[in-house]
Each structure stands twice: as C-alpha cells, then as structure tokens.
Amino acid sequence: MQTDIPYITNQGRKGGSNVAASVINALTLLARERT
Numbered sequence: 043m044q045t046d047i048p049y050i051t052n053q054g055r056k057g058g059s060n061v062a063a064s065v066i067n068a069l070t071l072l073a074r075e076r077t
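Residue 43 is where the sequence shown starts when you use my numbering, and the numbers rise one by one after that.
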C-alpha cells in the first residue's frame with residue numbers, strides 16, 4: 043500500500059486493540075506537547 047498519509051499496520055492475529063490504544067495515547071501526548 044502506498045500513500046502520502048502515515049499509517050500503522052498489524053500483521054499478526056493478536057494485539058490489535060492494545061496497539062491501537064497505545065497509538066492513540068502516544069498521539070494524544072504529542073498533540074498536548076504541541077499546544
């Protein structure tokens with residue numbers, strides 16, 4: 043898949059929800075640092 047938009051994929055069967063929650067938490071922290 044090629045796109046100009048950054049993305050994260052999970053190729054395994056497990057961990058999708060945990061990874062998604064971690065990504066959201068990290069993005070929230072980054073957004074707070076910018077303000």
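We put the beta carbon where it would ideally sit given N, CA and C, even for glycine.
Given the structure is predicted, the values throughout are model-derived calculations rather than measurements.
{"Check": "Neighbourhood of Asp46 by C-beta distance below 6 Å, restricted to the same chain and skipping five residues each side", "Outcome": "none"}
{"Check": "First and last residue of the uninterrupted alpha helix (DSSP H) at Thr70", "Outcome": "Gly58 to Arg76"}
{"Check": "For Tyr49 and Leu41, the rounded distance between their alpha carbons", "Outcome": "Because the chain is modelled from 43 through 77, residue 41 falls outside the range shown and cannot be assessed."}
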